[in-house]
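In my numbering, the protein residues as written are 9 to 163.
Note that CB positions come from ideal geometry on N, CA and C, so glycine has one too.
First up is the structure itself, then whatever we jot down about it.
Have a look at this one:
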């Protein structure tokens with residue numbers, strides 16, 4: 009029984025009253041191991057380029073988390089909707105399969121900034137209420153009010 013992957017020599021020695029004989033087969037036994045699965049991803053809008061970093065695998069199965077799959081080594085994939093997706097890669101060889109997962113977050117569309125004001129002209133002291141109507145995929149907000157008080161806000 010070989011418990012560690014590698015290449016092993018085998019030697020046989022036979023003998024009798026007349027003498028001895030030896031035969032060695034170099035790297036005669038080859039013991040494999042399950043593959044090591046891994047990948048990196050580069051997100052660009054709705055598109056993702058996946059780089060397979062697996063070793064000792066003969067085939068691959070990607071599940072992009074949106075119902076689509078691929079058997080390519082280094083696939084690219086385009087998502088239809090924004091959101092987090094759990095991507096899995098199964099690397100397989102004759103000794104077995106190993107699956108790894110990672111989450112990619114897709115923002116296919118850049119946010120759109122838009123706002124309105126309840127009034128845009130008036131007399132001192134002049135108070136204006138602004139309403140943020142930016143797209144729902146906006147994550148942060150930074151207002152600037154030159155000449156106003158306050159002069160900026162992140163609310």
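Starting from residue i, follow its DSSP beta bridges and name the residues at the other end.
{"i": "residue 30", "result": "21"}
{"i": "residue 16", "result": "37"}
{"i": "residue 60", "result": "47"}
{"i": "residue 1", "result": "Outside the displayed span of the chain (9 to 163) sits residue 1, for which this structure offers no information."}
DSSP state of residue i, grouped into three classes?
{"i": "residue 55", "result": "strand"}
{"i": "residue 120", "result": "coil"}
{"i": "residue 139", "result": "strand"}
{"i": "residue 125", "result": "strand"}
{"i": "residue 7", "result": "For the chain, the structure presents residues 9 to 163; residue 7 sits outside this window and is missing."}
{"i": "residue 86", "result": "strand"}
{"i": "residue 146", "result": "coil"}
Please list the terminal residues of the continuous beta strand (DSSP E) segment that includes residue i.
{"i": "residue 92", "result": "91–101"}
{"i": "residue 110", "result": "104–114"}
Taking 8 angstroms as the limit between beta carbons, can you name the residues of its chain near residue i, skipping five residues before and five after?
{"i": "residue 28", "result": "21 and 22"}
{"i": "residue 12", "result": "39"}
Just to confirm my understanding: we take residue i, look at its own chain, exclude 5 residues before and 5 after, and list those with CB closer than 6 angstroms. What are they?
{"i": "residue 113", "result": "92"}
{"i": "residue 110", "result": "95"}
{"i": "residue 71", "result": "77 and 96"}
{"i": "residue 57", "result": "50 and 84"}
{"i": "residue 55", "result": "86"}
Among the residues of its own chain, which have a CB less than 7 angstroms from the CB of residue i, if the five just before and after it don't count?
{"i": "residue 64", "result": "41, 43, 44 and 101"}
{"i": "residue 121", "result": "142"}
7 angstroms is my cut-off, CB to CB: does residue i come that close to chain D?
{"i": "residue 31", "result": "As a matter of chain content, chain D is missing from the structure shown, which is built from one protein chain."}
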